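Okay, so here's the structure we're looking at.
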Amino acid sequence: MSDRNDLEYATLGGGCFWCVEAIYQLVEGVESIVSGYAGGSDPSPNYRSVCEGRTGHAEVIRIGFDPKVISFKNILDIFWEAHDPTTRNRQGNDEGPQYRSIILYESATQKEIAEKSREEYGPKFSSPIVTEIVPLEKFFPGEGYHQNYFRTNPAQPYCHYVIRPKIEKFLKKHSVG
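In the numbering used here, the protein residues as written are 11 to 187.
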């Protein structure tokens with residue numbers, strides 16, 4: 011994680027952490043991203059135990075962002091677009107509670123912004139939003155090979171067939187850079 015004291019953090023889960031990480035890597039003002047696990051009860055989760063659904067944790071990313079460049083609200087605007095918040099425990103072919111839509115807030119202000127944002131985006135979907143909004147109790151960084159996954163594994167089939175189309179869709183809607 012970044013050593014900068016001026017960053018704020020957002021912890022979000024919207025399916026596979028590789029997909030969500032790849033989108034936020036394109037966003038101006040995002041200074042760091044760590045893929046990991048949060049929202050469960052296991053005190054020492056790892057990829058295998060999370061994928062087997064034994065921990066209660068979701069795959070999440072912890073975003074360090076510069077609030078002078080991008081707000082928490084804008085981080086959430088991207089979140090709603092980057093995944094389907096209306097499917098419980100599923101994103102595409104990825105199925106299980108580890109892929110649930112979740113916002114883990116770090117302050118009362120973040121909680122309030124997240125709840126207002128969910129209300130604002132609700133009418134934009136044909137089904138109800140099922141995104142959990144819960145306090146972040148502890149974030150567990152994922153294993154090293156999960157970090158910066160898309161950029162270091164672009165030819166991997168999951169990256170090519172699942173992540174790349176999400177990035178292309180995002181880039182069509184947003185000018186990045």
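Beta carbons are placed, not taken as given, at the ideal position from N, Cα and C, and that holds for glycine.
Keep in mind it's a predicted model, so treat the numbers as computed, not measured.
- T96 is positioned such that its CB atom lies closer than 7 angstroms to that of I139.
- Per the DSSP secondary-structure output, G46 pairs in a beta bridge with V70 and P151.
- Taking one beta carbon from each stretch, the segment 80-92 and the segment 126-140 have 3 or more pairs nearer than 8 angstroms; the two touch.
- I71 is the residue among G24, I71 and Y19 whose C-alpha sits nearest the C-alpha of N158.
- DSSP places A20 within a strand segment (E or B) once states are collapsed to three.
- Three or more beta-carbon pairs separated by less than 8 angstroms are not found between the segment 112-125 and the segment 38-46, which leaves the two stretches without contact.
- For R128, the three-state secondary structure derived from DSSP is helix.
- As the crow flies, the alpha-carbon of I143 is around 21 angstroms from that of C61.
- By the Cβ test, the segment 25-32 is in contact with the segment 156-173, since at least three Cβ pairs between them sit closer than 8 angstroms.
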